[in-house]
Structures are given as structure tokens and as C-alpha cells.
Amino acid sequence: MEFCPGGDLHTLRQRQPGKHFSEYAARFYAAEVLLALEYLHMLGVVYRDLKPENVLVRDDGHIMLSDFDLSLRCAVSPTLIRASTFDSDPRRAGGSFCVQPACIEPTSACMQPACLLPKFFGQKSKKKTRKTRSELGQSATTLPELVAEPTSARSMSFVGTHEYLAPEIIKGEGHGSAVDWWTFGIFLHELLYGKTPFKGSGNRATLFNVVGQQLRFPESPSTSYSSRDLIRGLLVKEPQHRLGVKRGATEIKQHPFFEGVNWALIRCSTPPEVPRPVEAELPVKYGVVEAIGSNSKRIVGADVKSGGKYLDFEFF
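Take 1 as the starting number for the sequence shown in full-length UniProt numbering and just add one per residue.
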């Protein structure tokens, strides 16, 4: 497994002023987590254990998910459907066609993309008769979009973290991929406010709040309407009405909270915080390290290969 020197988002959040992320940082981390969930759902995997402790920060500041022991594997049938909620401007349609790259340096690993329009746009542009701007916008609204939600997934297992459990899991009604969108809403709430919305005095009270308590937002810190609206859509207690249940991550990407996010090149964007380089250091404890010279030390029970960076421990 890849070493992530930035720790997890829970630890990183604790170090922020007020123990919560700014909306800019929360949007960045939420966007990358959303792409990770979308990829898992395309593979037929329902994650079921999203929380800041399971989101690790790599050495470049970007994130990766961990801890898949509660995941559910099922069949998935990707389908192409007609987009019905695209904006009239194709550049605003959930990740623009004309990509504006965040990494400009020629030496970057990211490719410098051209303005890639669908083939039927490019081929007809050579003719004298050109479509008007409004006609192009109408054509863009008919572009198909890929939906790969594992809609057939069904489980009766009671799994997850209490503060992140979806109501359908607690009720034992059976659950599917919609639980990931519930946990995504709880996750975003914790990033923005520093706490989960339904936490009670104990586990039993927390479960009661998840099922029966209405969602309320803290007065502080102040957040945008779009962030609260997104959380409301994700934390709908009836899974069939929850945001993302019909068209998956595509539906969530098009929410105004993520306006301006370059989904195609998000890995090229600059993270809110990049971990400082970590140098390997041997723990110095009394009775563990003994001096064997003026400029060298030896760990008892370890054999260090000459010229190597790793230790071969005799007892492991």
C-alpha cells in the first residue's frame, strides 16, 4: 500500500482553525472523494464506510480511500442516458468540454488538452451553414451521460460507523448504493462544521437521531447556501429520494456547490495543503538504541544492511 505522509482527513481537520475546513478545502476534498466513489460504483463496489479517518492524504496533497473491509461487491450495468438537466451552455455542463487545465507547466505529468468537442460539432463547422449558439446549446443538452450505479445491490448487513449509518441500515430494511451518498453527506457536513449532524450522547441516541431527528445546521461557522442545499439533498432519509440514487455521481457533480470544479484535471490542481516531506527517523528510546561509536548507533535486535535504507529485523 502507498505511504501517505499527510495522515488522514480526521487528523488534518483537527489541525485546522476551529477544527473544520474552509469551504474551499472542503470542496476540494469532497470532489476527489466523489470521484473515488464514482469509480467504485462503476466497478460494482459499494464502499459503506466513508469517514475522514478512512481518507488518506498522499505526499502530493491529494487523497485516496482506504479500509475496504466493509465494502459490498455486486453486479453493475453501465448505461447511457439522455441528459435532461444540462445547462444551456455546454461549458457549464458538469465538467466542461473546453477544459481549462489547472497545471500549466510543460513538464507536468498532465497533458495540455485542446478544446475537445464532440465529432459532430467539429465536422459540421467546416460548412458554410453554421449552427447558432442556441442550437449548439440545444445539441449539448441531448448528449448522453454514463450512469453506472449498482442499482441491483442489496444487503441486510448492519455495518458502518454509528454517526455515518444511513437510516435504511438502522431500520434493517435492506440497503444499496444509496448508503454511500448518505455517508458522503455526513462526510461533507463534518468537513465544513467539524462534527457530524446526528451525534448523540451515546451510540443508541445517535441511531435514534439518524432515524427520527430533522437535519439542523449549526449557526457557526457560516457556510454557503449551495453547500447546505447539497447536504440536504444527500441526507434525505428515504433512499429512493436521495440525491445521487438515480444518476449516481453525475447528478451530484452538477450541483452548484461544485461549480467551477475541473473534474477531468482535478489531480492537476493544487491541493489546499501539501504535507511536508517526511524523512525516515529511527525512534530513540531509553534501552532501545545503544551507541556503538562516536558517529553511529545500533538498534538492538535489528540488522542494518550496508548501503541500504531498510532494516531487517531478526524477530519479525
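Every residue, glycine too, gets a C-beta built ideally from N, C-alpha and C.
Remember, predicted model here, so these are calculated numbers, not experimental data.
(message) Check this for me: beta carbons of glycine 18 and glycine 194, under 8 angstroms apart or not?
(response) Cβ atoms of glycine 18 and glycine 194: closer than 8 angstroms.
(request) Quick one: give me the first and last residue of the alpha helix (DSSP H) that isoleucine 266 is part of. (result) First-last for isoleucine 266: undefined, no H or E at that position.
(message) Which of the three DSSP states is assigned to valine 46 in this structure?
(response) strand
(message) Pull the bridge partners of threonine 64 from the DSSP assignment, please.
(response) First, the amino acid is wrong: residue 64 is methionine here, not threonine. DSSP lists Leu56 as partners of methionine 64.
(request) Return the residue from the list Ala26, His20, Ile186 that minimises the CA-CA distance to aspartate 49. (result) Ile186
(message) Please tell me whether leucine 215 and arginine 242 are closer than 8 angstroms, where the distance is taken between their beta carbons.
(response) no
(request) Give every residue of the same chain whose Cβ lies closer than 6 angstroms to the Cβ of serine 22, excluding the five residues on either side of it in the sequence, and list them in chain order. (result) none
(request) Tell me where the alpha helix (DSSP H) around glutamate 168 begins and ends. (result) 167–171
(message) Just verifying my parser: in three-state terms, what is the DSSP assignment at serine 155?
(response) strand
(request) Indicate whether glycine 244 and leucine 234 have their beta-carbon atoms separated by less than 8 angstroms. (result) In contact: glycine 244 and leucine 234 (Cβ atoms closer than 8 angstroms).
(message) With distance defined between alpha-carbon atoms, name the residue in Lys237, Leu43, His255, Asn54 nearest to aspartate 229.
(response) His255
(request) Provide the residue span of the alpha helix (DSSP H) that contains glutamine 214, from first to last. (result) For glutamine 214, there is no enclosing alpha helix (DSSP H), as DSSP marks it with neither H nor E.
(message) Short of 6 angstroms in beta carbon distance, which residues of its chain neighbour methionine 274, apart from the five on each side in sequence? Order them along the chain.
(response) The sequence as given places valine at residue 274; methionine does not occur at that position. Once the five neighbours on either side are set aside, the close Cβ partners of valine 274 are Gly61.
(request) Compare the Cα-Cα distances from aspartate 180 to each of Ala25, Ser227, Trp263, Leu35 and report the closest residue. (result) Leu35
(message) If you follow the alpha helix (DSSP H) that aspartate 180 is in, where does it begin and where does it stop?
(response) 178–193
(request) Would you kindly report the start and end of the unbroken alpha helix (DSSP H) that includes threonine 250? (result) 249–253
(message) Check whether the stretch 196–212 and the stretch 156–163 touch, using three or more Cβ-Cβ pairs below 8 angstroms as the test.
(response) Verdict: yes, contact present.
(request) Label proline 277 either buried or exposed according to how many other C-beta atoms from any shown protein chain fall within 10 Å of its C-beta, with 16 as the threshold for buried. (result) exposed
(request) State the Cα-Cα distance for the pair isoleucine 169 and alanine 26, rounded to the nearest angstrom. (result) 26 angstroms
(request) Please go through the same chain and pick out, in chain order, the residues whose beta-carbon is closer than 7 angstroms to the beta-carbon of proline 167, but skip the five residues on each side of it. (result) Result list for proline 167: Val210, Val211, Lys237, in chain order.
(message) Assuming leucine 65 and asparagine 54 are in contact, meaning their beta carbons sit under 8 angstroms apart, how far apart are those beta carbons, in whole angstroms?
(response) 6 angstroms
(request) Could you tell me whether the Cβ atoms of arginine 15 and proline 52 are closer together than 8 angstroms? (result) no
(request) For the alpha helix (DSSP H) containing glutamine 14, list its first residue and its last residue. (result) Segment 9–14, the alpha helix (DSSP H) holding glutamine 14.
(request) Enumerate in chain order the residues of its own chain whose CB-to-CB distance from proline 218 is below 6 angstroms, with the five nearest sequence positions on each side excluded. (result) Tyr193
(message) Can you determine whether any heavy atom of the ligand MG sits closer than 7 angstroms to the C-beta of proline 272, and answer yes or no?
(response) No copy of the ligand MG occurs in the structure displayed, which carries no ligand at all.
(request) Look up histidine 175 in the DSSP assignment and say whether it is helix, strand or coil. (result) In the structure shown, the three-state DSSP call for histidine 175 is strand.
(request) Taking only the alpha-carbon atoms, compute the straight-line gap between phenylalanine 257 and serine 226 and give it to the nearest angstrom. (result) 5 angstroms
(message) Taking its Cβ as the centre, do 16 or more other Cβ atoms sit within 10 Å of methionine 1, making it buried, or is it exposed?
(response) Per the 10 Å Cβ criterion, exposed.
(request) Note down the Cα distance separating arginine 204 from histidine 20, rounded to an integer number of angstroms. (result) 26 angstroms
(message) Bridge partners for leucine 72 per DSSP, in chain order?
(response) Val46
(request) Please determine, among Cys4, Thr11, Ala31, Phe3, the residue with the shortest C-alpha to C-alpha distance to glutamate 251. (result) It is Ala31.
(request) Could you say which of Gln240, Thr206, Glu190 lies nearest to serine 220 if we only look at CA atoms? (result) Glu190
(request) Counting only the same chain and skipping the five closest in sequence on each side, list residues whose C-beta sits under 7 angstroms from that of histidine 10. (result) So the list reads Pro52, Glu53, once near-sequence residues are dropped.
(message) Taking the beta carbon of valine 45 as the centre, do at least 16 other beta carbons fall within 10 Å, making it buried, or is it exposed?
(response) buried
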